[in-house]
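Q: Structure in structure tokens, see below.
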Amino acid sequence: MKKVILDCDPGHDDAFAIMLAARHLEVLGITGIGGNCVIENVARNALKILELIGRPDIPVFKGHSRPLAVELVTAPQFHGKSGLDGPELPEPRTPVQNKHGVDFIVDTLRAVGDVTLIATGPLTNIAAALNKAPDIVPRIREIVIMGGSVSFGNWTPAAEFNIFVDPEAAYRVFNSPVHVKMCGLNLTRQCLIGPAEAERIRRIPTRTASVAAELLDFYMEACRKLIGSDGADLHDACAAAWVIDPGLIKGAAMRITVELRGEFTRGMTVCDYRHLRGEDPLRDIYHEAGTAPRGGEPNAEAGMELDRGRFLSLLYDTLAGYP
Ligand code: BDR
Ligand code: CA
């Protein structure tokens, strides 16, 4: 089993990422990050999901409560006040670990190695770990994130929520020597879960599946009201699924960086995919003549095409396998 640390901000779709990862990967720990909701709720929600699925043995750590450079933006519009509104879940009995999430990431990588980082919230903890301990770089197998987009944004026309919340952290991660796999909105929008899929889940005879269906009821209703979609994208579940079954998503290598200054584009992932149209990926016609080292070799792989049938089977089987 692949060893992973899951850095997340549950969050309805994060909850599904936890369920997938805990069943098919060796989850060394979950680190929470302020994002969809405040860090106290993030940690509580992660513990609630772990107890639901019978995995309270997976330790949960609180990471940063907010981005390093700017104020936190949360998303109660999509995830409710608690960050995980919908089903009534008991207060967790398992305590949050005392160690800071960033220290857990650093210490674990130094001790274990060959660990994949799955990040489904703002990238603050991952950037902080890279800043604090650059020696962990060769110990990271890859960083698989839900964030950004090869196409348009959701929080703003240009920016996706996770990158928008902490663009400086995302810039740090994309511009690090670690290989990044980006599950952006262009990909995650291919996994829309509608009423038919929610009903299919409701019929699975496990408590976990019933709760999953209730989570979907709340999330789908929020998406219907806010963006008029007939269903909800399980964004974060795609990132976990990509690690579990790499063939489930077709990716394309490209150079990706993050816009930090644009008045309308702050937090946008700027993706150089000109080569997909047969143009030279390494050319940066504007900067070529100057000194600024823009463009260049791909530093990332962007998810482009999801095998939706395979994704849904993985999801249904996973929910059926839990208590
Ligand atoms: C991302 O934003 C959050 O609200 C979701 O949990 C997901 O990680 C989608 O833009
Ligand atoms: Ca998330």
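Using this note's numbering, the first residue of the sequence shown is number 2, and each one after it goes up by one.
Just so you know, even glycine gets a beta-carbon here, dropped at the ideal spot from N, CA and C.
These numbers come from a predicted model, not from an experiment.
1) Here's the rule I'm using: 16 or more other beta-carbon atoms within 10 Å means buried, otherwise exposed. How should K63 be labelled?
2) To the nearest angstrom, how far is it from the Cα of R311 to the Cα of N46?
3) May I ask you to report which of helix, strand or coil DSSP gives M20?
4) Rounded C-beta distance between L69 and I59? I'm assuming under 8 Å.
5) What number of angstroms, rounded off, separates the C-alpha of D43 from the C-alpha of S314?
6) Give me the residue from I34, D86 and G304 with the minimum Cα distance to V103.
7) What does the Cβ neighbour count give for S150, buried or exposed, with the cut at 16 atoms within 10 Å?
8) Taking 9 Å as the cut-off, decide whether the C-beta atoms of L325 and T117 are in contact.
9) Could you check if K49 is buried or exposed, using at least 16 other CB atoms within 10 Å of its CB as the buried criterion?
10) Can you name the start and end residues of the alpha helix (DSSP H) that L217 belongs to?
11) How should G279 be labelled, buried or exposed, when 16 other C-beta atoms within 10 angstroms of its C-beta is the threshold for buried?
12) Should H65 be counted as a contact of ligand 1 given a C-beta to heavy atom distance under 8 Å?
13) Taking Cβ to Cβ, would you say L7 is nearer than 9 Å to G30?
A: This is what the structure holds:
1) buried
2) 27 Å
3) Reduced to three states, the DSSP call for M20 is helix.
4) 26 Å between Cβ atoms; not a contact.
5) In the sequence as displayed, the identity of residue 43 is Val instead of Asp. Those two C-alpha atoms are separated by around 28 Å.
6) I34
7) buried
8) Residue coverage of the chain in this structure runs from 2 to 324, which leaves residue 325 outside it and unanswerable.
9) The residue in question, K49, is buried, as its Cβ has 16 or more Cβ neighbours within 10 Å.
10) R208 to I228
11) exposed
12) Because no heavy atom of ligand 1 lies under 8 Å away, the Cβ of H65 does not count as near it: no.
13) Remark: C-beta atoms of L7 and G30 approach each other more closely than 9 Å.
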